[in-house]
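Notes for the one structure printed next.
Residue numbers (this note's numbering): 86 to 616.
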């Protein structure tokens, strides 16, 4: 494809979900369309136009930049820099050993300590991670799944040490294990015990941490794996319904736990399809929760969500172009009504983001918020023939996929049969083929290419991080009360064999300085591991 031939692609547009984009949209595209039913007003069912009546006129979205690398001290310094730069919420990335319930000195952790996030092995690491950060004043999001309950308990213990009242501990934990089996892979236990940990966390937080969002049902990683916009909506909402049914099966009242559910969406490059996706997802969730689940509280119907720009769209070639991509994606999230937003740094295809690139990513949000006027009115694209048609199309395709999942017996059974995995693989293959044959332009990659346009890598980790983390673990074990740790872990083992809430004995074990790996190891003994 020669430079300039991209006009042909635009003239024959197609959404990622597969439906053709027509050259012009008119009222005929909304024939039979009931604006009152489909749209409503912001803050009211079906929430197409937003979960709150005033949206950004009342409160801007939370600017929550994802950060975590190396040691707790290094990540704490990045948190402080971001807060000083105007960030309004924290978002923690954990390294793979922490995500997989392994201590930093475990043989399988070798080479991965601190690599893709911060290493947290114990309560002492958590103290260093949040040193000097008032947990009663910030909200914190933690991207953690198989070990979500452990990290929430560590966070709660630090808040207690700071004297923060339980109803002032605010934030979100991802805690979305089903998408790990679909798209990401950081599962530990079989599906059944994993779902028990999810619902035990629901019940525990309803009792102990009433302002904590107990799950962030994630389409982000499903999209990163290659799903289309409609598939992202369908598979994520199907997972959400599975969590709702599991919680009800555990005896929880839907109108008690559902208002604390939240979602986590990806924002890709097709601006209007992404806006439509967010609006369709909100409307579809509201209808399913009211009509299918039977929730009575409007707060149970309201979908609140965080958005992150698409890491999979970042290119190592001409990396400065990623600033433009991220801006378009962030705009889609805001026009779609997100409650919080993370903007990726332009150099993330090359390595860990530098402090400079992370600041540019935050400034992108601040310019949107304070200079663009995008938040001056609620749902500014409402009533657009194009956007409303796309919203209907995304919802219709997502609902068709959810119907197929229902026929299989729900999301858990569909995952066991690898249905969403196959659908995503097919979509990813089609996208890769389109890029390969140049029917889909990626600027700087398969068109408008300039020789030698890849920047040098960003931050690199000090190789001493792993050795220092292991030495810290050895020192911790040498000074703690081993008898108290052993007794506390026995209590966790007994609870795992029974049916009570696991989080209460887990909290006491962590308070006694049991490590993440030790608590997870006890659960592995009882539950086994997923293969």
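For glycine and all other residues, C-beta sits at the position ideal for the given N, C-alpha and C.
If we count the other Cβ atoms within 10 Å of its Cβ and call it buried at 16 or more, is residue i buried or exposed?
i, result
"residue 514", "exposed"
"residue 535", "exposed"
"residue 518", "exposed"
"residue 314", "buried"
"residue 222", "exposed"
"residue 616", "exposed"
"residue 228", "buried"
"residue 409", "exposed"
"residue 405", "exposed"
"residue 292", "exposed"
"residue 189", "buried"
"residue 325", "buried"
"residue 572", "exposed"
"residue 645", "The structure shown does not extend to residue 645, since the chain is modelled only from 86 through 616, so no value can be given for it."
"residue 676", "Because the chain in this structure spans residues 86 to 616, residue 676 falls outside the shown range and cannot be described."
"residue 261", "buried"
"residue 551", "buried"
"residue 30", "The chain is shown only over 86 to 616; residue 30 falls outside these bounds and no answer can be derived."
"residue 207", "buried"
"residue 76", "Any question about residue 76 goes unanswered here, given that the chain covers just 86 to 616."
"residue 93", "Residue confidence for residue 93 is low, a pLDDT of 39 falling below 50, so the modelled location carries little weight and cannot support an answer."
"residue 217", "exposed"
"residue 359", "buried"
Kindly list the residues whose CB is nearer than 7 angstroms to the CB of residue i, restricted to its own chain and excluding five residues on each side of it in sequence; keep chain order.
i, result
"residue 191", "182 and 602"
"residue 351", "304, 305, 308, 309, 317, 393 and 395"
"residue 464", "127, 134, 135 and 422"
"residue 433", "396 and 399"
"residue 137", "127, 128 and 143"
"residue 344", "382, 384 and 385"
"residue 187", "193, 194 and 602"
"residue 372", "131"
"residue 580", "587 and 590"
"residue 446", "150, 411, 428, 429 and 430"
"residue 233", "258, 259, 260 and 286"
"residue 103", "313"
"residue 357", "471, 472 and 475"
"residue 355", "100 and 101"
"residue 502", "493"
Kindly indicate which residue of the options has the alpha-carbon position closest to the one of residue i.
i, options, result
"residue 266", "531, 591 and 321", "321"
"residue 349", "537, 276, 427 and 578", "427"
"residue 172", "121, 105, 425 and 263", "425"
"residue 594", "613, 568 and 269", "568"
"residue 609", "390, 274, 166 and 364", "274"
"residue 450", "147, 101, 105 and 132", "147"
"residue 592", "271, 442 and 290", "290"
"residue 281", "416, 160, 327 and 355", "327"
"residue 498", "256, 589 and 276", "276"
"residue 347", "299, 230 and 210", "299"
"residue 118", "476, 174 and 338", "476"
"residue 156", "130, 106 and 211", "211"
"residue 528", "550, 403, 361 and 575", "403"
"residue 453", "417, 468, 319 and 525", "417"
"residue 365", "99, 478 and 160", "478"
"residue 369", "486, 342, 530 and 440", "486"
"residue 329", "407, 511, 288 and 122", "288"
"residue 511", "247, 378, 311 and 107", "311"
Apart from the five residues just before and just after residue i, which ones in its own chain have a Cβ nearer than 8 angstroms to its Cβ?
i, result
"residue 470", "110, 111, 112, 114 and 115"
If you follow the beta strand (DSSP E) that residue i is in, where does it begin and where does it stop?
i, result
"residue 150", "147–152"
Could you give the residue range of the alpha helix (DSSP H) that holds residue i?
i, result
"residue 485", "470–493"
"residue 123", "120–123"
"residue 508", "504–521"
"residue 161", "157–169"
"residue 287", "276–293"
"residue 108", "Segment: none, residue 108 is in no alpha helix (DSSP H) and carries neither H nor E."
"residue 606", "601–612"
"residue 577", "567–582"
"residue 59", "A question about residue 59 goes unanswered here, because the residues of the chain that appear run from 86 up to 616."
"residue 595", "588–596"
"residue 499", "496–501"
Answer with yes or no whether the minimum CB distance from residue i to chain C is below 9 angstroms.
i, result
"residue 218", "Among the chains in the structure shown there is no chain C, since it carries only a single protein chain."
CB-CB under 6 angstroms to residue i, same chain, minus the five flanking residues each way: which ones, in chain order?
i, result
"residue 177", "153 and 227"
"residue 202", "153, 178, 179 and 180"
"residue 255", "224 and 296"
"residue 151", "176, 178 and 427"
_List, from N- to C-terminal side, the beta strand (DSSP E) runs of 3 residues or more that fit wholly inside the segment 369–449._
If one requires a minimum length of 3 residues, the beta strand (DSSP E) runs lying completely within the segment 369–449 are 390–394 and 425–427, in chain order.
*Considering only residues of the segment 173–256, which uninterrupted alpha helix (DSSP H) runs meet the minimum length of 4 residues and lie entirely inside it, listed in chain order?*
181–184, 208–214 and 233–246
_Continuous beta strand (DSSP E) assignments of at least 3 residues falling wholly in the segment 296–347_ = 300–303
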